[in-house]
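Numbered by my numbering, the letters in the sequence shown go through residues 56 to 208 in order.
Quick reminder that beta carbons are idealized off the backbone N, C-alpha and C, glycines included.
Read through the structure below, which is laid out as structure tokens, and then see the notes.
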Amino acid sequence: MQQSTPYLSFRGIGKTFPGVKALTDISFDCYAGQVHALMGENGAGKSTLLKILSGNYAPTTGSVVINGQEMSFSDTTAALNAGVAIIYQELHLVPEMTVAENIYLGQLPHKGGIVNRSLLNYEAGLQLKHLGMDIDPDTPLKYQCLHWSVADG
Numbered sequence: 056m057q058q059s060t061p062y063l064s065f066r067g068i069g070k071t072f073p074g075v076k077a078l079t080d081i082s083f084d085c086y087a088g089q090v091h092a093l094m095g096e097n098g099a100g101k102s103t104l105l106k107i108l109s110g111n112y113a114p115t116t117g118s119v120v121i122n123g124q125e126m127s128f129s130d131t132t133a134a135l136n137a138g139v140a141i142i143y144q145e146l147h148l149v150p151e152m153t154v155a156e157n158i159y160l161g162q163l164p165h166k167g168g169i170v171n172r173s174l175l176n177y178e179a180g181l182q183l184k185h186l187g188m189d190i191d192p193d194t195p196l197k198y199q200c201l202h203w204s205v206a207d208g
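Printed below as a string of structure tokens:
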């Protein structure tokens, strides 16, 4: 049964860069509990649309509505604080860092500039267990799992 209110809506989204119309009047709805795929040729605007959703770009026209509320993110931090994050299939990993550090790259739990390693490893361990992966989160990535993909989870 489809909900009456979409969780995420793109309404008339347009994005123009100097000399280029990247997106023109993109509108669609996403409902909670459904899986959606963005597909298209290279240059079709998939990444541009996701960058608008995640606060990397502001739309030239149109709006993004999340859970009934029009949203406008000034940057990726604002989007993250609102619960919006984009997980790309091909991640940029840092082999010299631990599994946990790579999971929370850019979002390491800290206080006063010092990373809380016990909280980091605990939270990463929970995520790994949730995915059914028996991995020590404190292991340097280069020794553990460089051959894995996001699709393996």
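Got a sec, what are the start and stop residues for the alpha helix (DSSP H) residue i sits in?
{"i": "S102", "result": "K101 to L108"}
{"i": "E178", "result": "R172 to H185"}
{"i": "T194", "result": "Per DSSP, T194 belongs to no alpha helix (DSSP H) and is neither H nor E."}
Which first and last residues belong to the beta strand (DSSP E) in which residue i is found?
{"i": "I36", "result": "This structure gives no information on residue 36, because the portion of the chain shown stretches from 56 to 208."}
{"i": "V154", "result": "Unbroken run through V154 is the alpha helix (DSSP H), V154 to I158; no beta strand (DSSP E)."}
{"i": "L63", "result": "L63 to F72"}
{"i": "T131", "result": "Counting along the chain, T131 falls outside any beta strand (DSSP E), though it belongs to the alpha helix (DSSP H) covering T131 to N136."}
{"i": "V139", "result": "Counting along the chain, V139 falls outside any beta strand (DSSP E), and DSSP gives it neither H nor E."}
{"i": "Q89", "result": "That residue, Q89, is in no beta strand (DSSP E); it is neither H nor E in DSSP."}
{"i": "M126", "result": "Q124 to M126"}
{"i": "V119", "result": "T116 to I121"}
Is there at least one non-hydrogen atom of the ligand ZN closer than 7 angstroms to the beta-carbon of residue i?
{"i": "K101", "result": "The ligand ZN is absent from the structure shown, which contains no ligand whatsoever."}
With distances taken from CA atoms, which of the options is nearest residue i?
{"i": "P73", "options": "T115, V90, A155 and D80", "result": "T115"}
{"i": "L78", "options": "K106, V90 and L183", "result": "K106"}
{"i": "V193", "options": "M152, I169 and G167", "result": "Note on residue identity: the sequence assigns Asp, not Val, to residue 193. Among M152, I169 and G167, the Cα nearest to that of D193 is on M152."}
{"i": "V120", "options": "T60, E178 and G168", "result": "T60"}
{"i": "I141", "options": "L148, L108, G98 and Y177", "result": "L108"}
{"i": "N136", "options": "P150, Q162 and L148", "result": "Q162"}
{"i": "E125", "options": "V170, I68, A179 and H165", "result": "I68"}
{"i": "G117", "options": "Y143, K166, V75 and R66", "result": "R66"}
{"i": "L181", "options": "K76, V154 and L196", "result": "V154"}
Taking the beta carbon of residue i as the centre, do at least 16 other beta carbons fall within 10 Å, making it buried, or is it exposed?
{"i": "F83", "result": "exposed"}
{"i": "A87", "result": "exposed"}
{"i": "T71", "result": "exposed"}
{"i": "S64", "result": "buried"}
Q | At least three beta-carbon pairs within less than 8 angstroms, the stretch 127 to 147 to the stretch 102 to 118 | A | With a cut-off of 8 angstroms, the stretch 102 to 118 and the stretch 127 to 147 count as touching, because enough Cβ pairs lie within range.
Q. Can we say the stretch 180 to 192 touches the stretch 149 to 167, given the rule of at least three CB pairs closer than 8 angstroms?
A. A contact exists between the stretch 180 to 192 and the stretch 149 to 167.
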